[in-house]
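Mapping the sequence shown onto UniProt numbering, position 67 (from 1) lands on 67, and the numbers just tick up by one. Just below is one structure, and these are the notes that go with it.
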Amino acid sequence: MNMSVKSNTGSENITTLADFCIKSSSNNNCMVVSPLQYWQNNETKLNKCISVVTNEQCSPSDAAYNYQVAAWGDHFQACTNNPYLTDDITELHLSCLSSYGDPVYPSQVLGGYDRKKYIDASLLFVTFAIKKHPNEIEIKKAKAWQEKFVEYVKNYDDQDLQLAYTSIDLPVRSLDTNIEY
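Here is the structure:
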């Protein structure tokens, strides 16, 4: 999500999610867990389609006549069956791993489905992993971004899609904290 907020701390800095998200150690991408991670949050990959006629990228006429040999649904099926795939074994040959390099489990990002019929999910979950920061200025920046995000969700208008937002502040524990069972 490329949402940015002008700093309310008096500086001219722009704050984005990348300024306070938890990032992968392998590629520095924010850990945003969502169904779109099956396509690494990449619209081109999501829209990729292979034609049964040419065995190349689909044309508009291929889509109109349903001459698709592989498209987003095939990739989705492969990834929900095995989130660890680096090649989805369809004609698309896309990875199922997220943009930050981890698998995305269907139970983390989908809800409202019966058994393992993930394609019928009526709920899609998106989780932003945010780091706790001891610096009050950094906290204010993150809260300003969060407020803009909540405003976006509240004002989102699409008859086919409803958005809801919940903020969960999980306690932070150090490694030396004893957890009793």
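We put the CB at the ideal spot given by N, CA and C, even for glycine.
Legend entry - Given 8 Å, three or more beta-carbon pairs between the stretch 14-32 and the stretch 91-103: Touching, yes.
Legend entry - Separation of V126 from L85, as counted between CA atoms: Position 85 of the sequence shown, counting from 1, holds the residue named residue 85. Position 126 of the sequence shown, counting from 1, holds the residue named residue 126. Going from the Cα of L85 to the Cα of V126 covers about 21 Å.
Inset, instruction - Helix, strand or coil for L97, going by three-state DSSP, please let me know. - result: On the sequence shown, residue 97 is found 97 positions in, with the first residue counted as 1. If DSSP states are grouped into helix, strand and coil, L97 belongs with coil.
Inset, instruction - With E4 as the anchor, note down where its alpha helix (DSSP H) starts and where it stops. - result: The count along the sequence shown starts at 1 and reaches residue 4 at position 4. Per the sequence shown, the amino acid found at residue 4 is Ser instead of Glu. Bounds of any alpha helix (DSSP H) do not take in S4; it lies within the beta strand (DSSP E) bounded by 4-6.
Inset, instruction - Could you spell out where the beta strand (DSSP E) holding I14 opens and where it closes? - result: Counting from 1 along the sequence shown, the entry for residue 14 is found at position 14. First-last of the beta strand (DSSP E) with I14: 14-16.
Inset, instruction - Note down the Cα distance separating G111 from Y165, rounded to an integer number of angstroms. - result: As a position in the sequence shown, residue 111 is number 111, starting the count at 1. As a position in the sequence shown, residue 165 is number 165, starting the count at 1. In a straight line, the C-alpha of G111 is about 15 Å away from that of Y165.
Legend entry - With 16 other Cβ atoms within 10 Å as the buried cut-off, status of S95: The count along the sequence shown starts at 1 and reaches residue 95 at position 95. Label assigned to S95: buried.
Legend entry - Sequence ranges, alpha helix (DSSP H) only - wholly within the UniProt domain "NPC1 middle luminal" (11-167), length at least 4: With a minimum length of 4 residues, the continuous alpha helix (DSSP H) runs that stay inside the UniProt domain "NPC1 middle luminal" (11-167) are 43-46, 60-64, 72-81, 106-109, 136-155.
Inset, instruction - Have a look at K116 and I89 and give me their C-alpha separation to the nearest angstrom. - result: As a working mapping, residue 116 is identified with position 116 in the sequence shown. As a working mapping, residue 89 is identified with position 89 in the sequence shown. Cα to Cα, the separation comes out at about 20 Å.
Legend entry - Sub-8 Å separation of I130 and I22 beta-carbons: As a working mapping, residue 130 is identified with position 130 in the sequence shown. As a working mapping, residue 22 is identified with position 22 in the sequence shown. Yes, Cβ-Cβ distance for I130 and I22 is below 8 Å.
Inset, instruction - Could you tell me the distance, in whole angstroms, from the CA atom of Q162 to the CA atom of V109? - result: Taking the sequence shown and counting its residues from 1, the one referred to as residue 162 is at position 162. Taking the sequence shown and counting its residues from 1, the one referred to as residue 109 is at position 109. Straight through space, the alpha carbons of V109 and Q162 are spaced by roughly 16 Å.
Legend entry - Minimum C-alpha distance to Q37 - residue among A142, D158, I14, F128: Sequence index remark: in the sequence shown, residue 37 carries index 37 (1-based). For Q37, the nearest C-alpha among the options comes from F128.
Inset, instruction - Please classify E91: is it buried, with 16 or more other beta-carbons within 10 angstroms of its beta-carbon, or exposed? - result: Taking the first residue of the sequence shown as 1, we reach residue 91 at position 91. E91 is buried by the Cβ-count criterion.
Inset, instruction - Please name the residue in P103, K6, S59 whose C-alpha comes closest to that of S24. - result: The residue labelled residue 24 in the question sits at position 24 within the sequence shown. Answer by Cα proximity: P103.
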